[in-house]
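I have placed the structure first, in the form of structure tokens, so that the comments after it can refer back to it.
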Amino acid sequence: MLDSAPSSGGVSTPRSSLAVTFAVWNALFLREAVARLSATRGAWVLIVLEPVLHACFMLLLYTVLRTRSVAGADVAVWLVLGLTGYFTVQNVFQRAMGAVDANKALFAYRQVRPVDTVIVRAGLEALLGIVILLVLLGGLALFGRSVLPDAPMEAILSWTGLMLCALGVGLILSVLSDLIPEAGNLTVFLFRPLYFLSGAIFPLSAIPVQYREWAFFNPFAHGLELLRSSFFPVYHAAPEANSEYLFGFAAVSIFLGLALQVRFAQKLRAQ
Numbered sequence: 001m002l003d004s005a006p007s008s009g010g011v012s013t014p015r016s017s018l019a020v021t022f023a024v025w026n027a028l029f030l031r032e033a034v035a036r037l038s039a040t041r042g043a044w045v046l047i048v049l050e051p052v053l054h055a056c057f058m059l060l061l062y063t064v065l066r067t068r069s070v071a072g073a074d075v076a077v078w079l080v081l082g083l084t085g086y087f088t089v090q091n092v093f094q095r096a097m098g099a100v101d102a103n104k105a106l107f108a109y110r111q112v113r114p115v116d117t118v119i120v121r122a123g124l125e126a127l128l129g130i131v132i133l134l135v136l137l138g139g140l141a142l143f144g145r146s147v148l149p150d151a152p153m154e155a156i157l158s159w160t161g162l163m164l165c166a167l168g169v170g171l172i173l174s175v176l177s178d179l180i181p182e183a184g185n186l187t188v189f190l191f192r193p194l195y196f197l198s199g200a201i202f203p204l205s206a207i208p209v210q211y212r213e214w215a216f217f218n219p220f221a222h223g224l225e226l227l228r229s230s231f232f233p234v235y236h237a238a239p240e241a242n243s244e245y246l247f248g249f250a251a252v253s254i255f256l257g258l259a260l261q262v263r264f265a266q267k268l269r270a271q
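Quick note on numbering: the numbering used here labels position 67 of the sequence shown as 67, and the sequence is numbered without any gaps.
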């Protein structure tokens, strides 16, 4: 990871900061991918299995209740979108939160910055989430389910907004958890209710109106509702869901996270 590259004449020529950054990200991505997929025997199976088991359990529950559609959407596709989206968001910000501490040894290279490790980890988890979603939707398609989004661009934007929000949260938490170790454990505990408050397993439109606005302070609730509505032409989404809040939260959280990374960069390297 050097900031110079040999020319055809064998003389080193300096590279731009952008080229160095991309080289660092590429190396970190390969390192993280190998570690993530080979951490334990069959690690890649477990990555796919978690959302599959949750989706199967909830689908069984809905089948027992004789529910074939949720708010006008196919219950199987609806569950896969919600659970895969939620677990990907969770993996992005939780693994991003531990990125700085896990890569301390790499900070001996001046080209590697703490923020690089956070961004790369978040990107890897987002990519894995896309792969898992495509695999699960492909499996449902084999059973005759309609899995193509009704509004593809809206689906892409919704997924992107979800990942950007998770990145912003991860950038902030990566600083807090490294400077204050107890903050990491407290954050994991406080974020557990998001499984329900994001509408991963039940429609947020079912929440009484007087309480629903509180649920939509959560940006991930907006993202999941918008993602689902992009797949189904007739889906009774909660009217509070909007992309402005989703991307507004993403922009603010990423800005704050990057500001914290810059402000405490030396402390993150030293600790």
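We put the CB at the ideal spot given by N, CA and C, even for glycine. Computed from a prediction, not measured in an experiment: that's the story for all the values here.
| Check | Outcome |
| --- | --- |
| Considering only the alpha carbon of each residue, which of A251, L194, P208 lies closest to L224? | L194 |
| Among W159, A71, A206, whose alpha-carbon lies nearest the alpha-carbon of G85? | W159 |
| Please report the distance separating the alpha-carbon of L148 from that of G257. | 35 angstroms |
| Is it a yes or a no for the segment 104 to 111 touching the segment 191 to 207, going by three-plus beta-carbon pairs under 8 angstroms? | no |
| Using the DSSP secondary-structure output, state which residues sit across from V70 in a beta bridge. | A73 |
| Please specify which runs of the alpha helix (DSSP H), each continuous and at least 4 residues long, are wholly inside the segment 111 to 179, giving them in chain order. | 114 to 142, 152 to 179 |
| Use the C-beta contact count for T40: other C-beta atoms within 10 angstroms, 16 or more gives buried, fewer gives exposed. | exposed |
| Start and end of the alpha helix (DSSP H) containing R36? | 17 to 37 |
| Using a Cβ-Cβ cutoff of less than 6 angstroms, which residues in the same chain neighbour E125 once the five nearest sequence positions on both sides are dropped? | N91, V92, R95 |
| Three-state secondary structure (DSSP) at P181? | helix |
| So the candidates are T21, V209, P208; which of them puts its Cα closest to the Cα of Q111? | T21 |
| By the three-class DSSP mapping on this structure, what secondary structure does P14 have? | strand |
| Report yes if the CB atom of L190 is closer than 8 angstroms to the CB atom of V89, and no otherwise. | no |
| Using a 10 Å radius around the Cβ and a threshold of 16 neighbouring Cβ atoms, would you call S16 buried or exposed? | exposed |
| Kindly say whether T160, judged by its beta-carbon, lies nearer than 8 angstroms to any beta-carbon of chain C. | This model lacks chain C altogether, as it is built from one protein chain only. |
| Among P233, L268, A265, A221, which residue has its Cα nearest to the Cα of F247? | A221 |
| With respect to the alpha helix (DSSP H) encompassing I47, which residues constitute its N-terminal and C-terminal limits? | 43 to 64 |
| Which residue marks the beginning of the alpha helix (DSSP H) containing S230, and which one marks its end? | 219 to 231 |
| From what residue to what residue does the alpha helix (DSSP H) around E213 run? | 209 to 215 |
| Considering only their Cβ atoms, is the gap separating V118 from V100 smaller than 8 angstroms? | yes |
| DSSP three-state label for E272, please. | Past the edges of the chain, shown from 1 to 271, lies residue 272, and the structure says nothing about it. |
| Using C-beta distances below 7 angstroms, list every residue in its chain close to V70, excluding the 5 sequence neighbours before and after it, in chain order. | W78, P203 |
| For A43, which residues in the same chain have their Cβ closer than 8 angstroms to its Cβ, ignoring the five residues on either side in sequence? | R36, L37 |
| From which residue to which residue does the alpha helix (DSSP H) around L197 run? | 194 to 197 |
| Taking C-alpha atoms, which residue in L81, A27, V64, I47 lies nearest to L226? | L81 |
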